[in-house]
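Numbering (the numbering used here), first residue to last: 101 to 169. As structure tokens, the structure follows; a few thoughts come after it.
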């Protein structure tokens with residue numbers, strides 16, 4: 101799955117965004133497992149996915165108005 105940019109995230113409908121978030125979490129779990137077993141050395145990809153997940157949550161809270169003070 102490609103890394104999502106903020107512009108792409110803002111344009112996505114809520115349901116599609118939730119689906120992408122699930123896909124990203126599954127991919128990150130798979131990569132972590134591969135790294136732990138020694139099958140993959142792609143630590144940079146894990147970092148990029150983790151940042152994308154954080155970006156999704158951040159923009160979701162800003163756009164959705166779930167901002168807590």
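The beta carbon of each residue, even a glycine, is placed where N, CA and C say it ideally should be.
Assuming residue 104 contacts residue 156 (C-beta within less than 8 Å), just tell me the rounded distance between them. 7 Å
Return the first residue and the last residue of the alpha helix (DSSP H) that residue 117 is part of. 114-137
Cβ shell of residue 160 (< 7 Å), same chain only, five flanking positions each side left out: 117
As a quick exercise: from 154, 158, 149, pick the residue whose alpha carbon is nearest that of residue 102. 149
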